[in-house]
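Numbering (this note's numbering), first residue to last: 23 to 94.
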Amino acid sequence: MEIDLSDLFDDESIESVENRIDVERVVADLPVREQQILYLFACGHTQEEIAETVGLTQPRICQILANIYKSA
């Protein structure tokens with residue numbers, strides 16, 4: 023799955039560009055599976071949908087997302 027962060031940012035204002043750079047730095051440090059989970063969540067998928075997509079349980083997706091937020 024190719025992850026394109028530009029889909030998550032709708033304008034090219036300075037603030038949006040700065041936010042995008044911050045997100046790219048955090049995402050770059052994540053393992054590929056966690057990048058995919060975060061991207062799907064940011065695109066509006068539920069934890070249950072993400073779990074089905076990546077082959078994990080919903081509680082595990084919840085744990086992964088919580089760990090990502092703690093490390094950000």
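C-beta: ideal position from N, C-alpha, C; glycine also. Please read all numbers here as calculations on a predicted model, not as lab measurements.
- glutamine 85 versus serine 35: straight-line alpha-carbon distance, rounded: Looking up residue 85 in the sequence shown gives position 63. Looking up residue 35 in the sequence shown gives position 13. Glutamine 85 and serine 35: Cα-Cα distance of roughly 33 Å.
- Query: Do glutamine 57 and valine 49 come within 8 Å of each other at the CB atom, strictly closer than that value?
  - Reply: For this step, residue 49 is matched to residue 27 along the sequence shown. For this step, residue 57 is matched to residue 35 along the sequence shown. Contact flag set, yes.
- Query: What do you get for glycine 43, buried or exposed, if any count of 16 or more other CB atoms within 10 angstroms of its CB means buried?
  - Reply: As a working note, residue 43 is residue 21 in the sequence shown. Per the sequence presented here, residue 43 reads as isoleucine, with glycine not at that position. By the neighbour-count rule (16 or more Cβ atoms within 10 Å), isoleucine 43 is not buried but exposed.
- Query: From which residue to which residue does the alpha helix (DSSP H) around threonine 75 run?
  - Reply: By 1-based counting over the sequence shown, the position of residue 75 is 53. That run of the alpha helix (DSSP H) goes 69 to 76.
- Item | Integer-rounded CB distance, given that alanine 73 should sit under 8 Å from glutamine 80 | To locate residue 80, count along the sequence shown from 1; it is residue 58. To locate residue 73, count along the sequence shown from 1; it is residue 51. Confirmed, Cβ separation roughly 5 Å.
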